[in-house]
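Residue numbers (full-length UniProt numbering): 1 to 436.
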């Protein structure tokens, strides 16, 4: 019987969540991220992407590209997590087993679709997308196919706001013209190896003999990637559970015998662990290093930092402090770095939320200059509650005054009102208030 896997991906999730819960932002270029010197773009609405702005771009560069009606707001991960839970509750009502990849992305294998026809799967996907929009206000793109790989690529092709079902038996034809990087598991290194032998599309990869694929990409990896390129994918959809720790480690070709070389390797390993931390959309509070001596004796050391973070510089520096000098410990044959004590980043240090000293004229939101932390001080994007006007958010602050836009998910565009910055009637709101 035909197997059908669906892949659901929420379109421009962070920015869409801000546009949903702050209706004044709907239809406008919106960036989510930090305004400080190390700030990066955590999310970009489709309206901003037409100007060349992308996630992970330095915010300073993005600000130069942002049009005059663009808005920059800090991330509110509690809101994103709540919305994610709402969406996945809708999905699990029709597909009990959900393999979550991140807050905005998941696989499912709905039991009702076993043996279903193309038209039945299409109707299922359309109905699910409509339910998600109606019950949460968010837009999801869905791909469906005979396995996880096809479903994932189909949802990418369906974006934005689309549905693509790949008919059974057409998988190889669907994949053939796509670049090899479209396949999950092929990064820049593997792409370079394939390009070296003249392979640039998935059709060309599928046409390779298994020995050639293995010789180019390695044993298990080469065989599996070639098989995926042919459209065959029998990997199960399974609940991953909650991520408790992310890590990376390396066994060295020759033992490391000096501290400088060990630090350089640990910095490189920390980058790998950090990528997994970012992919899991978590921050970490504990850094663990593992060192294996030439005689196979293994030592682990850990340090818990003051506040959870995903700042690579801070995490790497902590890992380096934990190292033992090979001159005293002896040669090191393996080193590993792990980040644990994971949590949802309610205030993400990576995004450097403090505003820059010189605000850009290209944003509509007025950036507040850095001020000492105090209950009466406000920052653009802060959630606010007023006893008369209700739930709102800080649109701008400075010169002793704060402008608040009062609105939430179901209010429609709200009215902006300006208050003295120390007005006792303004109190900090729970980010979840905007979801009512």
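Using N, Cα and C, we set each Cβ at its ideal position, and we do this for glycine too.
Could you have a look at residue 286 and say whether DSSP puts it in helix, strand or coil?
The answer is strand: DSSP assigns residue 286 an E or B state.
By the three-class DSSP mapping on this structure, what secondary structure does residue 221 have?
Note: residue 221 maps to helix in three-state DSSP.
Of the residues 182, 188, 263 and 248, which one's Cα is nearest the Cα of residue 325?
The candidate whose alpha carbon is nearest that of residue 325 is 263.
Excluding the five sequence neighbours on either side, which residues of its own chain have a C-beta within less than 7 Å of the C-beta of residue 360, listed in chain order?
Because the pLDDT of residue 360 is 34, which lies under 50, any placement of that residue in the model is unreliable, and the number read from its coordinates should be weighed accordingly. Closer than 7 Å at Cβ, skipping near neighbours: 63.
In three-state DSSP terms, what is residue 406?
It is a strand residue.
Reducing DSSP to helix, strand and coil, say where residue 211 ends up.
Three-state DSSP puts residue 211 in a helix.
Starting from residue 119 and walking both ways along the alpha helix (DSSP H), at which residues does that stretch end?
Counting along the chain, the alpha helix (DSSP H) containing residue 119 begins and ends at 118-136.
Tell me, to the nearest whole angstrom, how far the beta carbon of residue 14 is from that of residue 40; I am working on the premise that it is less than 8 Å.
Incorrect: roughly 12 Å between the Cβ atoms, too far for contact.
Are three or more beta carbon pairs between the segment 10-30 and the segment 116-126 nearer than 8 Å?
Short answer: they don't touch.
Out of 413, 35 and 421, which has the shortest C-alpha to C-alpha gap to residue 24?
Residue 24 has its Cα closest to that of 413, out of 413, 35 and 421.
Just the Cα atoms here: how many angstroms apart are residue 82 and residue 104?
The straight-line gap from Cα to Cα measures roughly 11 Å.
Should residue 410 be labelled buried (16 or more other beta-carbon atoms within 10 Å of its own) or exposed?
It counts as exposed.
Label residue 308 either buried or exposed according to how many other C-beta atoms from any shown protein chain fall within 10 Å of its C-beta, with 16 as the threshold for buried.
By the 10 Å Cβ count, residue 308 comes out buried.
Could you spell out where the beta strand (DSSP E) holding residue 252 opens and where it closes?
245-256 is the extent of the beta strand (DSSP E) around residue 252.
Taking all protein chains shown into account, decide if residue 279 is buried (16 or more other Cβ within 10 angstroms of its Cβ) or exposed.
It is exposed - the Cβ of residue 279 has fewer than 16 other Cβ atoms within 10 Å.
Residues bridged to residue 401 by DSSP?
According to DSSP, residue 401 bridges with 398 and 420.
Give the single residue among 313, 293, 432 and 124 whose Cα lies nearest to the Cα of residue 251.
Closest option to residue 251, Cα to Cα, is 293.
Compute the minimum distance between the beta carbon of residue 328 and the heavy atoms of the ligand FMN, and state whether it is under 8 Å.
In terms of ligand content, the structure shown is empty, and the ligand FMN therefore cannot be addressed.
Run through DSSP, which three-state label would residue 179 get?
Residue state, collapsed to three classes: strand.
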